[in-house]
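Shown next, in structure tokens, is the structure this report addresses.
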Amino acid sequence: MAEEVKLFKTWSSPYGLRAVWALKLKGIEYESIDEDHDNKSPQLLQYNPVHKKIPVLIHNGKPVAESLVIVEYIDETWKQNPILPQDPYECATACFWAKFGDEKVLPSIWRVFIQEGKAQEELLGQAMENLKFLEEQLEGKVFFGGEKIGLVDIALGWIANLTCMLEEISGLKLITQEKFPLLFGWMQNFVCTVFVCLNPKPTERPRQLGGLQALDY
Numbered sequence: 001m002a003e004e005v006k007l008f009k010t011w012s013s014p015y016g017l018r019a020v021w022a023l024k025l026k027g028i029e030y031e032s033i034d035e036d037h038d039n040k041s042p043q044l045l046q047y048n049p050v051h052k053k054i055p056v057l058i059h060n061g062k063p064v065a066e067s068l069v070i071v072e073y074i075d076e077t078w079k080q081n082p083i084l085p086q087d088p089y090e091c092a093t094a095c096f097w098a099k100f101g102d103e104k105v106l107p108s109i110w111r112v113f114i115q116e117g118k119a120q121e122e123l124l125g126q127a128m129e130n131l132k133f134l135e136e137q138l139e140g141k142v143f144f145g146g147e148k149i150g151l152v153d154i155a156l157g158w159i160a161n162l163t164c165m166l167e168e169i170s171g172l173k174l175i176t177q178e179k180f181p182l183l184f185g186w187m188q189n190f191v192c193t194v195f196v197c198l199n200p201k202p203t204e205r206p207r208q209l210g211g212l213q214a215l216d217y
């Protein structure tokens with residue numbers, strides 16, 4: 001009997017893309033169910049009654065919520081093309097940087113792009129400092145996971161997706177080859193990897209740049 005694999009997501013969510021990338025890396029066929037952010041389906045509310053958010057993975061009728069939890073579940077369920085390191089210390093380190101991306105990097109970058117003038121300048125320093133930490137982690141590596149994409153790459157994939165889109169909209173270039181050569185190169189490598197299908201297109205404007213709808217997970 002074929003496995004049931006469904007993914008509830010939205011077009012605008014980089015968190016939903018994490019699950020997409022993990023499934024593609026594993027070569028898993030799945031049904032994609034696109035949710036309306038402003039009119040969530042009864043099925044989504046049924047499967048994730050606590051947070052009422054996407055993404056939600058359904059595997060043989062069982063729901064798994066929250067993007068990084070979903071990625072870990074996918075990795076543990078389908079063993080081909082491992083995403084998390086096998087070594088316990090390396091795994092803990094990867095989880096640390098994935099969490100750092102969500103708790104520090106993403107908020108600092110988002111605040112820069114939704115501000116203007118002096119307020120933007122004041123916030124830029126923190127964002128650049130956080131990006132410098134990531135730059136250092138790429139020393140001698142193609143990906144954060146080494147020679148292949150791993151957990152940290154998937155967790156930070158929004159940088160290659162959302163940041164490029166926001167740069168296009170705002171005209172502010174945050175990550176350049178001159179400022180962050182390793183991170184800039186990583187973005188190119190990540191995008192060019194065959195299983196990564198970037199969506200939305202960089203020219204498509206989020207419905208509400210001043211809010212957090214495009215970051216809903």
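With the UniProt record's numbering, letter number 182 in the sequence shown gets 182, and the count goes up by one each step, no holes.
Note that the Cβ used here is the ideal one computed from N, Cα and C, for glycine as well.
None of the values given here were measured: they were computed from a predicted structure.
If you draw a straight line from the C-alpha of residue i to the C-alpha of residue j, how long is it?
{"i": "lysine 6", "j": "valine 50", "result": "19 Å"}
{"i": "glycine 140", "j": "proline 88", "result": "22 Å"}
{"i": "leucine 123", "j": "alanine 92", "result": "29 Å"}
{"i": "glutamate 135", "j": "proline 85", "result": "20 Å"}
{"i": "lysine 104", "j": "glutamate 167", "result": "19 Å"}
{"i": "tryptophan 11", "j": "leucine 44", "result": "15 Å"}
{"i": "glycine 27", "j": "alanine 155", "result": "18 Å"}
{"i": "leucine 138", "j": "isoleucine 159", "result": "14 Å"}
{"i": "glutamine 80", "j": "glycine 61", "result": "22 Å"}
{"i": "lysine 173", "j": "valine 112", "result": "11 Å"}
{"i": "glycine 145", "j": "aspartate 153", "result": "7 Å"}
{"i": "phenylalanine 195", "j": "glutamate 72", "result": "Reliability fails at phenylalanine 195, whose pLDDT of 47 lies under 50, so the model's placement of it is uncertain and no value is given."}
{"i": "alanine 2", "j": "asparagine 189", "result": "34 Å"}
{"i": "glutamate 90", "j": "isoleucine 83", "result": "12 Å"}
Which residues does DSSP list as the beta-bridge partners of residue i?
{"i": "lysine 9", "result": "Asp34"}
{"i": "asparagine 39", "result": "Asp36"}
{"i": "isoleucine 58", "result": "Lys6, Pro63"}
{"i": "glycine 171", "result": "BP columns for glycine 171 are empty, so no partner."}
{"i": "phenylalanine 143", "result": "Gly146"}
Please classify residue i as buried or exposed, where buried requires at least 16 other C-beta atoms within 10 Å of its C-beta.
{"i": "threonine 203", "result": "Summary for threonine 203: the model assigns pLDDT 43, below 50, so the residue's position carries little reliability; its value from the coordinates is reported in the next sentence. Per the 10 Å Cβ criterion, exposed."}
{"i": "threonine 163", "result": "buried"}
{"i": "proline 181", "result": "exposed"}
Review point. Quick check: the stretch 110-120 against the stretch 64-78, are there 3 or more CB pairs under 8 Å?
Key: no
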